[in-house]
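Novice: In our numbering, the protein residues as written are 14 to 204. In this text, a Cβ means the ideal position worked out from N, Cα and C, and glycines have one as well. Bear in mind that the values here come from a model prediction, so they are computed numbers and not experimental data. Handing you this structure, nothing more for now.
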């Protein structure tokens, strides 16, 4: 069992983001869940990897060649895959994992999160997709998702596919129990 973690290559301004990333890595190791992530040793990416590695966990990195010197590859990983592009990176991360967790991050983290939840919505995979909502970082995004439901662009059942918690143990427990919805994504206008 492995989970992909998407998160910032920066640590942000609040030290708690880095602490929670480390704690997530530690929790994954304690549950014998491998970590698959972007392969860097900086920011939240480095913190989640270190948390897992420091506690005997398996950590697999996937890093595009062009980011090798920017994101700075982690030298202590169980395994590192070097790939050609960001598309190849996401495909490999998906191939290697049984679920997805997003921590705080920027555009890249949001793009990765939304691609994975979109694939789930379309039935391309049945994996749990989750947000660890450290310090309510994702609250504004969750309000936007509520607006999508309210305005008829997203079904409630598809909204509920996204697992959200601010507690690591609760998040991992809910991911373990996740069952993908059987209903499709398309919304028909009522007459």
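Secondary structure at residue 178, three-state DSSP: helix, strand or coil?
Specialist: Of the three classes helix, strand and coil, the one that applies to residue 178 here is strand, per DSSP.
Novice: Considering Cα atoms alone, identify which of 88, 70, 53 and 142 is closest to residue 47.
Specialist: Considering only alpha carbons, the answer is 70.
Novice: Could you pull out every residue in the same chain whose Cβ sits closer than 7 Å to the Cβ of residue 28, ignoring the five residues on either side in sequence?
Specialist: Same-chain partners within the cutoff: there are none.
Novice: Could you check whether residue 106 and residue 75 sit closer than 8 Å to each other, using their CB atoms as the reference points?
Specialist: Yes.
Novice: Report the rounded CA-to-CA distance for residue 19 versus residue 113, giving the unit in angstroms.
Specialist: Their Cα atoms are separated by approximately 8 Å.
Novice: Under the DSSP definition of a beta bridge, which residues are partnered with residue 92?
Specialist: Residue 92 pairs with 73.
Novice: What separation, rounded to the nearest whole angstrom, lies between the Cα atoms of residue 67 and residue 166?
Specialist: Taking the straight line from one Cα to the other gives about 43 Å.
Novice: Return the residue from the list 90, 73 and 95 that minimises the CA-CA distance to residue 82.
Specialist: Looking at the Cα atoms, 95 is the closest of the given residues.
Novice: Nearest-angstrom Cα distance between residue 93 and residue 52?
Specialist: Roughly 7 Å between the two C-alpha positions.
Novice: Looking at the structure shown, is residue 48 part of a helix, part of a strand, or coil, going by DSSP?
Specialist: Residue 48 falls in the strand class under three-state DSSP.
Novice: Taking the alpha helix (DSSP H) that residue 127 falls in, what are its first and last residues?
Specialist: Start and end: 120–134.
Novice: If you count every other CB in all the chains shown that lies within 10 Å of the CB of residue 173, and 16 or more means buried, which is it?
Specialist: Burial call: exposed.
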